[in-house]
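Numbering (my numbering), first residue to last: 10 to 208.
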(Lines of atoms letter the chains of each structure in order from A and count residues from 1; the text may use other names and numbers.)
(Lines give C-alpha, C1' and ligand atoms only; values in the text may rest on other atoms or scores of the structure.)
Protein backbone atom coordinates (compact mmCIF):
# COMPACT_ATOMS: atom_id res chain seq x y z
CA UNK A 1 0.00 0.00 0.00
CA UNK A 2 1.37 3.39 -0.94
CA UNK A 3 1.70 5.97 1.79
CA UNK A 4 -0.20 8.53 -0.22
CA UNK A 5 -3.25 6.24 -0.56
CA UNK A 6 -6.14 7.04 1.75
CA UNK A 7 -7.62 4.43 4.04
CA UNK A 8 -11.30 3.90 3.43
CA UNK A 9 -13.63 5.00 6.23
CA UNK A 10 -15.13 1.48 6.38
CA UNK A 11 -11.70 -0.01 6.94
CA UNK A 12 -10.98 2.55 9.69
CA UNK A 13 -14.22 1.79 11.51
CA UNK A 14 -13.64 -1.96 11.23
CA UNK A 15 -10.10 -1.54 12.56
CA UNK A 16 -11.23 0.55 15.54
CA UNK A 17 -14.08 -1.86 16.37
CA UNK A 18 -11.79 -4.87 16.26
CA UNK A 19 -9.32 -3.11 18.60
CA UNK A 20 -12.13 -2.29 21.03
CA UNK A 21 -13.37 -5.88 20.92
CA UNK A 22 -9.89 -7.23 21.61
CA UNK A 23 -9.37 -4.80 24.49
CA UNK A 24 -12.72 -5.56 26.08
CA UNK A 25 -12.33 -9.34 25.78
CA UNK A 26 -8.89 -9.23 27.36
CA UNK A 27 -10.33 -7.28 30.31
CA UNK A 28 -13.48 -9.34 30.67
CA UNK A 29 -11.86 -11.77 33.11
CA UNK A 30 -10.98 -8.96 35.49
CA UNK A 31 -14.00 -8.40 37.73
CA UNK A 32 -14.13 -5.19 39.73
CA UNK A 33 -13.48 -5.58 43.43
CA UNK A 34 -16.68 -5.50 45.49
CA UNK A 35 -16.48 -3.91 48.90
CA UNK A 36 -18.20 -6.41 51.21
CA UNK A 37 -16.95 -4.80 54.41
CA UNK A 38 -20.14 -2.78 54.93
CA UNK A 39 -22.34 -5.86 54.50
CA UNK A 40 -20.02 -7.87 56.76
CA UNK A 41 -20.37 -5.20 59.46
CA UNK A 42 -24.18 -5.24 59.10
CA UNK A 43 -24.25 -9.05 59.42
CA UNK A 44 -21.98 -8.92 62.50
CA UNK A 45 -24.13 -6.18 64.03
CA UNK A 46 -27.29 -8.24 63.44
CA UNK A 47 -25.72 -11.30 65.11
CA UNK A 48 -24.67 -9.24 68.11
CA UNK A 49 -28.10 -7.61 68.40
CA UNK A 50 -29.79 -11.00 68.16
CA UNK A 51 -28.01 -12.17 71.32
CA UNK A 52 -29.12 -9.11 73.28
CA UNK A 53 -32.62 -9.16 71.79
CA UNK A 54 -33.13 -12.81 72.69
CA UNK A 55 -31.96 -11.96 76.22
CA UNK A 56 -34.84 -9.46 76.44
CA UNK A 57 -33.10 -6.13 75.80
CA UNK A 58 -35.86 -3.87 74.43
CA UNK A 59 -33.44 -1.47 72.70
CA UNK A 60 -31.74 -4.40 70.93
CA UNK A 61 -35.12 -5.84 69.96
CA UNK A 62 -36.10 -2.50 68.43
CA UNK A 63 -32.83 -2.12 66.53
CA UNK A 64 -33.08 -5.71 65.26
CA UNK A 65 -36.61 -4.93 64.07
CA UNK A 66 -35.22 -1.95 62.16
CA UNK A 67 -32.60 -4.18 60.51
CA UNK A 68 -35.28 -6.65 59.40
CA UNK A 69 -37.45 -3.79 58.17
CA UNK A 70 -34.61 -2.47 55.98
CA UNK A 71 -32.98 -5.81 55.15
CA UNK A 72 -29.64 -4.67 56.55
CA UNK A 73 -27.43 -7.59 57.65
CA UNK A 74 -30.47 -9.88 57.61
CA UNK A 75 -32.98 -10.77 54.89
CA UNK A 76 -35.69 -8.11 54.62
CA UNK A 77 -38.79 -9.35 56.42
CA UNK A 78 -41.70 -7.19 57.56
CA UNK A 79 -43.02 -10.15 59.56
CA UNK A 80 -39.77 -10.52 61.53
CA UNK A 81 -39.56 -6.73 61.94
CA UNK A 82 -43.07 -6.74 63.42
CA UNK A 83 -42.19 -9.57 65.81
CA UNK A 84 -39.16 -7.69 67.20
CA UNK A 85 -40.98 -4.34 67.31
CA UNK A 86 -43.79 -6.02 69.23
CA UNK A 87 -41.40 -7.51 71.80
CA UNK A 88 -39.78 -4.13 72.37
CA UNK A 89 -43.12 -2.28 72.32
CA UNK A 90 -44.67 -4.49 75.01
CA UNK A 91 -41.67 -3.59 77.19
CA UNK A 92 -42.47 0.10 76.69
CA UNK A 93 -39.98 1.10 73.96
CA UNK A 94 -41.60 4.23 72.44
CA UNK A 95 -39.85 4.00 69.07
CA UNK A 96 -40.95 0.40 68.67
CA UNK A 97 -44.50 1.38 69.62
CA UNK A 98 -44.56 4.02 66.86
CA UNK A 99 -43.12 1.64 64.26
CA UNK A 100 -45.50 -1.14 65.29
CA UNK A 101 -48.44 1.25 65.09
CA UNK A 102 -47.29 2.31 61.63
CA UNK A 103 -47.17 -1.32 60.50
CA UNK A 104 -50.76 -1.81 61.68
CA UNK A 105 -51.89 1.43 60.06
CA UNK A 106 -50.33 0.51 56.71
CA UNK A 107 -51.03 -3.23 56.88
CA UNK A 108 -47.33 -3.92 56.32
CA UNK A 109 -46.16 -7.05 58.18
CA UNK A 110 -49.30 -6.88 60.33
CA UNK A 111 -52.99 -7.00 59.50
CA UNK A 112 -54.24 -3.51 58.66
CA UNK A 113 -55.92 -2.19 61.78
CA UNK A 114 -56.40 1.49 62.55
CA UNK A 115 -57.61 0.66 66.10
CA UNK A 116 -54.36 -1.24 66.82
CA UNK A 117 -52.35 1.64 65.36
CA UNK A 118 -54.23 4.00 67.67
CA UNK A 119 -53.36 1.85 70.69
CA UNK A 120 -49.63 1.80 69.92
CA UNK A 121 -49.41 5.48 68.95
CA UNK A 122 -51.24 6.38 72.18
CA UNK A 123 -48.81 4.34 74.27
CA UNK A 124 -45.84 6.06 72.64
CA UNK A 125 -47.49 9.47 73.11
CA UNK A 126 -47.83 8.74 76.81
CA UNK A 127 -44.02 8.65 76.85
CA UNK A 128 -43.71 12.00 75.04
CA UNK A 129 -42.69 10.58 71.64
CA UNK A 130 -43.08 13.48 69.17
CA UNK A 131 -43.71 11.29 66.13
CA UNK A 132 -46.52 9.48 67.98
CA UNK A 133 -48.31 12.80 68.58
CA UNK A 134 -47.99 13.63 64.88
CA UNK A 135 -49.35 10.23 63.82
CA UNK A 136 -52.30 10.61 66.19
CA UNK A 137 -52.93 14.04 64.72
CA UNK A 138 -53.03 12.57 61.23
CA UNK A 139 -55.43 9.82 62.32
CA UNK A 140 -57.85 12.42 63.74
CA UNK A 141 -57.43 14.73 60.73
CA UNK A 142 -58.23 11.89 58.32
CA UNK A 143 -60.75 10.05 60.49
CA UNK A 144 -58.76 6.79 60.44
CA UNK A 145 -59.83 4.52 63.31
CA UNK A 146 -61.55 7.49 64.98
CA UNK A 147 -64.20 10.00 64.00
CA UNK A 148 -62.68 12.87 62.05
CA UNK A 149 -62.04 15.63 64.58
CA UNK A 150 -59.97 18.67 63.62
CA UNK A 151 -59.83 19.95 67.21
CA UNK A 152 -58.15 16.77 68.43
CA UNK A 153 -56.00 16.58 65.30
CA UNK A 154 -54.77 20.13 65.96
CA UNK A 155 -54.18 19.28 69.62
CA UNK A 156 -52.05 16.23 68.73
CA UNK A 157 -50.15 18.19 66.10
CA UNK A 158 -49.51 20.93 68.69
CA UNK A 159 -48.11 18.36 71.10
CA UNK A 160 -45.96 16.83 68.37
CA UNK A 161 -44.57 20.25 67.48
CA UNK A 162 -43.88 20.97 71.15
CA UNK A 163 -41.92 17.70 71.30
CA UNK A 164 -39.75 18.62 68.33
CA UNK A 165 -41.57 17.08 65.35
CA UNK A 166 -41.33 19.67 62.56
CA UNK A 167 -43.80 17.87 60.29
CA UNK A 168 -46.38 18.04 63.08
CA UNK A 169 -46.02 21.82 63.14
CA UNK A 170 -46.43 21.95 59.35
CA UNK A 171 -49.51 19.71 59.47
CA UNK A 172 -51.03 21.83 62.27
CA UNK A 173 -50.48 25.01 60.28
CA UNK A 174 -52.00 23.42 57.16
CA UNK A 175 -55.05 22.29 59.15
CA UNK A 176 -55.69 25.64 60.87
CA UNK A 177 -57.34 27.40 57.86
CA UNK A 178 -60.06 24.73 57.91
CA UNK A 179 -60.90 25.56 61.53
CA UNK A 180 -62.65 28.45 63.26
CA UNK A 181 -60.75 30.57 65.80
CA UNK A 182 -62.91 29.00 68.53
CA UNK A 183 -61.89 25.51 67.43
CA UNK A 184 -58.21 26.47 67.34
CA UNK A 185 -58.45 28.01 70.81
CA UNK A 186 -60.08 24.80 72.10
CA UNK A 187 -57.36 22.65 70.51
CA UNK A 188 -54.66 24.83 72.07
CA UNK A 189 -56.36 24.58 75.48
CA UNK A 190 -56.54 20.78 75.21
CA UNK A 191 -52.86 20.63 74.24
CA UNK A 192 -51.85 22.79 77.23
CA UNK A 193 -53.88 20.64 79.61
CA UNK A 194 -52.86 17.27 78.19
CA UNK A 195 -50.83 15.11 80.55
CA UNK A 196 -49.74 11.50 80.25
CA UNK A 197 -52.04 9.15 82.15
CA UNK A 198 -51.04 8.66 85.75
CA UNK A 199 -49.13 11.97 85.97
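The beta carbon of each residue, even a glycine, is placed where N, CA and C say it ideally should be.
Legend entry - Contact check, residue 122 vs residue 145, beta carbons under 8 Å: no
Inset, instruction - Compare the C-alpha of residue 188 against each of 171, 200, 159 and name the closest. - result: 159
Inset, instruction - Look at the Cβ atom of residue 74, then the Cβ atom of residue 54, and state whether they are nearer than 8 Å. - result: no
Inset, instruction - Drop a sphere of 10 angstroms on the beta-carbon of residue 168, count the other beta-carbons inside from all chains shown, and report buried for 16 or more, exposed for fewer. - result: buried
Inset, instruction - Taking only the alpha-carbon atoms, compute the straight-line gap between residue 119 and residue 112 and give it to the nearest angstrom. - result: 6 Å
Inset, instruction - Express the C-alpha separation of residue 58 and residue 89 in angstroms, rounding to a whole number. - result: 14 Å
Legend entry - Of the residues 87, 99, 79, the one placed nearest residue 68, counting alpha carbons only: 99
Legend entry - Opening and closing residue of the alpha helix (DSSP H) in which residue 93 lies: 87-99
Legend entry - Chain-order list of residues whose beta-carbon lies under 6 Å from that of residue 72 (same chain, five-residue window excluded): 58
Inset, instruction - Can you have a look at residue 110 and say buried or exposed, based on whether 16 or more other CB atoms are within 10 angstroms of its CB? - result: buried
Inset, instruction - Return the CA-CA distance between residue 205 and residue 154, expressed in angstroms with no decimal places. - result: 21 Å
Inset, instruction - Measure the alpha-carbon distance for residue 138 versus residue 191 and round it to whole angstroms. - result: 28 Å
Inset, instruction - Take the Cβ of residue 175 as the centre, count every other Cβ of all protein chains shown within 10 Å, and call the residue buried at 16 or more, exposed below. - result: exposed
Legend entry - residue 78 - containing alpha helix (DSSP H), residue span: 67-79
Inset, instruction - Rank 165, 172, 180 by C-alpha distance to the C-alpha of residue 197 and give the top, closest one. - result: 165
Inset, instruction - Find out if the Cβ-Cβ distance for the pair residue 117, residue 86 is shorter than 8 Å. - result: no
Legend entry - Whole-angstrom distance between residue 126 and residue 276, CA atom to CA atom: It is not possible to answer for residue 276, since the shown part of the chain is limited to 10 through 208.
Inset, instruction - Kindly indicate which residue of 48, 77, 63, 105 has the alpha-carbon position closest to the one of residue 136. - result: 105
Inset, instruction - Pick out whichever of 194, 60, 157 has its Cα sitting closest to the Cα of residue 93. - result: 60
Legend entry - Buried/exposed call for residue 91, threshold 16 Cβ in 10 Å: buried
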